[in-house]
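**Student:** Residues -3 to 271 (the numbering used here) are what the sequence shown spells out, left to right. Don't be surprised by glycine CBs; every beta carbon is placed ideally from N, CA and C.
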Amino acid sequence: MTARFAEMRQNDGFDGTAVPAWQMVPVNGTKTVKLLDGLGLTVTSRNPPIATVEEVPMCFADGRREFRIKGKRVGTTTIEARRGTHLQARLDVAVKRKKVVKVAFNFVRDNAGHHTSRSSASVDAWVRTMNGIFLPQINIEIQKKSTRSVRVNKNLGSVVRFSSHLSGVSAAQHEWDDVIALRDSAADFNFFFVWEYEQDATPGTDNTDAGALSGNCLFEDAAGTEIAETMAHETGHYLGEKDYYAAAQRPWLMYGYTDSRGRKIPKAHANTMNP
Ligand SMILES: [Zn+2]
């Protein structure tokens, strides 16, 4: 069998599809990884000032060993497993600083009685779920900057639209700007909870759950059931990552279809979101 590093648990900052395998480690934090079929190998860090590695003592040996990696300084290095001089397995390590994203949660109404059915009582649980996705994988912390009730002084109708990119739609239909004008400018990213949102030529058909652009996201009431996961996905757009639609990309947070996606943030996305 070939020696190889493996994750201790799912969605903890390990990317086994990267070559070499990859692990995110927070600066001043630790991550534990497995080394499979690595009995007798010597495991070292190529750059201990960036990250150190030490074996976790275990009561018995079944071919699996565990190693704790400590992040010392922001940067990248490689953990190597050798027999003598012969390299048997490698694990790239990225030590990342904590990046804080301040988020505003805006509950929208208009002057004609349309309003979101969402409640500000949900915000803390959403933040917890988002941090459960981002902190262990990419060392990003979502901080609740504000929870606000905002009123657009206009009748937005039954569908709030982004339509300025469509030809033949009257300018008045483009309501995005009316909503985001109410953003909390002290926050990095603003969610606006609206009753119904569309951004295509068929606003009568519910095709879109949310749209994110330049630090703002309109998020409708009928956006599926995995609300906080979808909010994390939209935050991923704010952090610079796009949608992916291939079946094999379904485990990813950035998979494009609501409620069928997983929570995985692979190496490439991690380096986009928290470079
Ligand atoms: Zn998306």
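1) So, does the stretch 70 to 79 touch the stretch 90 to 110, judging by three or more C-beta pairs under 8 Å?
2) Should Asn102 and Arg147 be called a contact, given that it needs their Cβ atoms to be closer than 8 Å?
3) If I measure Cβ to Cβ from Arg42 and keep anything under 7 Å in the same chain, skipping five residues before and after, which residues do I get?
4) What are the start and end residues of the alpha helix (DSSP H) that includes Arg78?
5) Anything with a beta carbon under 6 Å from a heavy atom of ligand 1 counts; list them all in chain order.
6) Using a Cβ-Cβ cut-off of 8 Å (strictly less than) and excluding sequence neighbours within five positions of Thr40, which residues of its own chain qualify?
7) Roughly how many whole angstroms lie between the Cα atoms of Arg246 and Ser154?
8) Count the other CB atoms, across all protein chains shown, that sit within 10 Å of the CB of Cys55; report buried if there are 16 or more and exposed otherwise.
9) Strictly by DSSP, which residues pair up with Ala208?
10) Using CA atoms only, rank isn't needed, just tell me which of Pro16, Gly67, Ile46, Ser181 is closest to Leu83.
11) Start and end of the beta strand (DSSP E) containing Glu51?
12) Can you list, in chain order, the residues of its chain whose CB lies under 8 Å from that of Gly220, leaving out five sequence neighbours each side?
**Tutor:** So, from the data block:
1) As far as the Cβ criterion goes, the stretch 70 to 79 touches the stretch 90 to 110, which means the pair count is three or higher.
2) Position 106 of the sequence shown, counted from the first residue, corresponds to residue 102. Position 151 of the sequence shown, counted from the first residue, corresponds to residue 147. Cβ atoms of Asn102 and Arg147: not closer than 8 Å.
3) Counting from one through the sequence shown, the residue named residue 42 turns up at place 46. Answer for Arg42: Thr73, Thr74, Glu76, listed in chain order.
4) Within the sequence shown, numbered from 1, the residue matching residue 78 stands at position 82. Looking at the DSSP string, Arg78 is not in any alpha helix (DSSP H); the run it does join, the beta strand (DSSP E), is 71 to 79.
5) Those residues are His229, His233, Asp239, Gly252, given in chain order.
6) Numbered from its first residue, the sequence shown carries residue 40 at position 44. Same-chain partners within the cutoff: Val49, Ile75, Glu76, Arg78.
7) Start at 1 with the first residue of the sequence shown, and residue 246 comes out as number 250. Start at 1 with the first residue of the sequence shown, and residue 154 comes out as number 158. Going from the Cα of Arg246 to the Cα of Ser154 covers about 32 Å.
8) For the purposes of this step, residue 55 is identified with residue 59 of the sequence shown, where counting begins at 1. Counting Cβ neighbours within 10 Å, Cys55 comes out exposed, since fewer than 16 surround it.
9) For the purposes of this step, residue 208 is identified with residue 212 of the sequence shown, where counting begins at 1. Looking at the DSSP assignment, Ala208 forms a beta bridge with Cys213.
10) Along the sequence shown, read from residue 1 onward, the residue named residue 83 stands at position 87. With distances taken between Cα atoms, Leu83 lies closest to Pro16.
11) Residue mapping note: residue 51 aligns to position 55 of the sequence shown, counting from 1. That run of the beta strand (DSSP E) goes 47 to 51.
12) Position 224 of the sequence shown, counted from the first residue, corresponds to residue 220. Result list for Gly220: Asp205, Thr226, Thr254, Asp255, in chain order.
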